[in-house]
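Trainee: Take this structure first; my questions come after.
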């Protein structure tokens with residue numbers, strides 16, 4: 001199979017990720033902070049080291065501000081629900097995933113908060129000036145994606161971060177499609193809350209995610225419970241990261257994530273980015289050259305992630321995706337991609353879109369095979 005659905009989850013993972021998970025699972029049956037064995041100290045040290053690696057990856061000064069979650073969805077929920085209160089106003093965009101939209105909708109329903117949804121242009125570009133115009137005295141939070149999971153368009157998070165800082169507003173970024181591909185420097189871009197999935201371009205396994213919380217920011221907790229520390233205290237510990245990490249940690253996921261970060265560091269972030277954008281450019285040029293194909297978003301690799309959305313004129317996205325997988329063993333993603341507002345903006349709610357997304361393990365041959373398959377499908381439907 002040619003796997004081109006890496007925006008959902010990357011596959012395959014680097015071989016070292018499989019090996020590290022297998023070795024750890026077989027040899028260390030311990031739960032961090034809940035015992036006194038040699039194995040426990042090894043596990044705790046590994047988890048500490050992985051926090052340090054994550055902090056270095058995004059240039060965060062304090063690794064204790066790296067919180068492990070079950071995924072970017074939990075990270076986004078923790079950030080949004082931990083900050084936004086009754087009477088607050090939130091600014092977001094029409095590019096967002098349901099992991100942002102649905103928590104906000106729940107708060108609208110339960111707390112009566114107000115949300116401004118900033119629309120995008122025909123290329124999916126979010127204008128920071130439109131964000132600035134939406135700011136009110138009661139604006140508590142601005143939250144945007146770093147790159148659309150549907151059409152790949154990058155958001156100018158640096159300018160929005162400056163805008164938020166100038167107006168004393170918190171800024172949260174969903175880096176689901178960029179962490180592990182694009183550099184994120186928290187000293188250069190003053191993001192207050194950063195959500196990252198472990199299982200996408202950080203090459204970890206499913207079930208692990210990260211939330212970075214800038215120093216000085218406190219969130220209400222989503223859950224409370226055992227942390228392995230201060231057991232006599234009837235209330236949740238205030239020390240970080242324990243405050244936000246109740247219950248048994250996904251140590252297998254954390255170990256796998258750490259190995260994925262090792263792969264990124266060994267390969268080089270720039271090398272990964274250049275390779276994936278080279279494939280993106282190859283695909284864009286091939287699709288644009290075919291008159292029967294409609295490409296959404298930018299038509300070049302400037303300000304875009306390695307995510308490409310398109311349709312065949314007059315054809316349902318789901319039907320084309322089914323043919324690609326059934327006849328050609330090419331896995332893509334069709335539909336609304338859990339991001340309904342961008343489809344409303346671009347007029348593709350009924351048709352949906354076909355999405356292709358790359359990882360470091362895809363090749364130019366994969367793109368050539370996809371384009372040939374599209375040509376054959378176009379001949380069949382004429």
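Residue numbers (full-length UniProt numbering): 1 to 382.
We treat Cβ as the ideally placed atom computed from N, Cα and C, and that holds for glycine.
#1: To the nearest whole angstrom, what separates the beta carbons of residue 123 and residue 297, a pair I think is in contact under 8 angstroms?
#2: Kindly indicate the opening and closing residues of the alpha helix (DSSP H) around residue 28.
#3: Should residue 345 be labelled buried (16 or more other beta-carbon atoms within 10 Å of its own) or exposed?
#4: Given residue 4, which residues of its chain have a CB within under 8 angstroms of its CB, disregarding the five upstream and five downstream residues?
#5: For residue 229, I'd like the list of residues in its chain whose CB is within less than 8 angstroms of its CB, leaving aside the five on either flank, ordered along the chain.
#6: Just curious, the beta strand (DSSP E) that residue 323 is in, first and last residue?
#7: Once DSSP output is grouped into helix, strand and coil, what is the label at residue 37?
#8: Going by DSSP in three states, residue 144 sits in which element: helix, strand or coil?
#9: Where does residue 45 land, buried or exposed, given buried means 16+ other C-beta within 10 angstroms?
#10: Exposed or buried, residue 382, counting other C-beta atoms within 10 Å across all chains shown (16 or more means buried)?
#11: Given 8 angstroms as the limit, is there contact between the stretch 269 to 285 and the stretch 73 to 85, that is, 3 or more CB pairs closer than that?
#12: Assuming contact is defined by CB atoms lying nearer than 9 angstroms, are residue 194 and residue 175 in contact in what I supplied?
#13: Could you say which of 138, 143, 374 and 160 lies nearest to residue 102 if we only look at CA atoms?
#14: For residue 339, which three-state DSSP category applies?
#15: How close, in whole Å, do the beta carbons of residue 104 and residue 80 come, if the pair is a contact with beta carbons under 8 angstroms?
#16: Does the distance from the CB of residue 141 to the CB of residue 147 come in under 9 angstroms?
#17: Give me the Cα-Cα distance between residue 20 and residue 338, rounded to the nearest whole angstrom.
#18: Near residue 151, which residues of its chain fall below 6 angstroms by C-beta distance, leaving aside the five closest residues on each side in sequence?
#19: In the DSSP assignment, find the unbroken beta strand (DSSP E) run with residue 197 in it and report its ends.
#20: With a threshold of 16 other CB atoms inside 10 Å of the CB of residue 449, please say whether the residue is buried or exposed.
#21: For residue 111 and residue 129, which I take to be in contact (beta-carbon distance under 8 angstroms), what is that distance rounded to the nearest angstrom?
#22: Rounding to the nearest angstrom, what Cα-Cα distance links residue 84 and residue 226 in this structure?
#23: In terms of alpha-carbon separation, which member of 7, 12 and 8 lies closest to residue 1?
#24: Would you call the stretch 340 to 354 and the stretch 249 to 266 touching, i.e. three or more CB-CB distances under 8 angstroms?
#25: Taking 6 angstroms as the limit between beta carbons, can you name the residues of its chain near residue 116, skipping five residues before and five after?
#26: Among 266, 223, 374 and 131, which one has its Cα closest to the Cα of residue 294?
Mentor: In brief:
#1: 6 angstroms
#2: First-last for residue 28: undefined, no H or E at that position.
#3: buried
#4: 330, 331, 332, 356, 357, 358, 362, 366 and 370
#5: 33, 237, 239 and 242
#6: Residue 323 -> not in any beta strand (DSSP E); alpha helix (DSSP H) instead, spanning 317 to 328.
#7: With a pLDDT of 49 at residue 37, under the threshold of 50, the modelled position of that residue is not reliable, and no figure is offered here.
#8: strand
#9: exposed
#10: exposed
#11: no
#12: yes
#13: 143
#14: coil
#15: 7 angstroms
#16: no
#17: 32 angstroms
#18: 124, 296, 297 and 309
#19: 193 to 197
#20: For the chain, the structure presents residues 1 to 382; residue 449 sits outside this window and is missing.
#21: The pair is not a contact, with the Cβ atoms about 29 angstroms apart (cut-off 8 angstroms).
#22: 25 angstroms
#23: 12
#24: no
#25: 91 and 134
#26: 374
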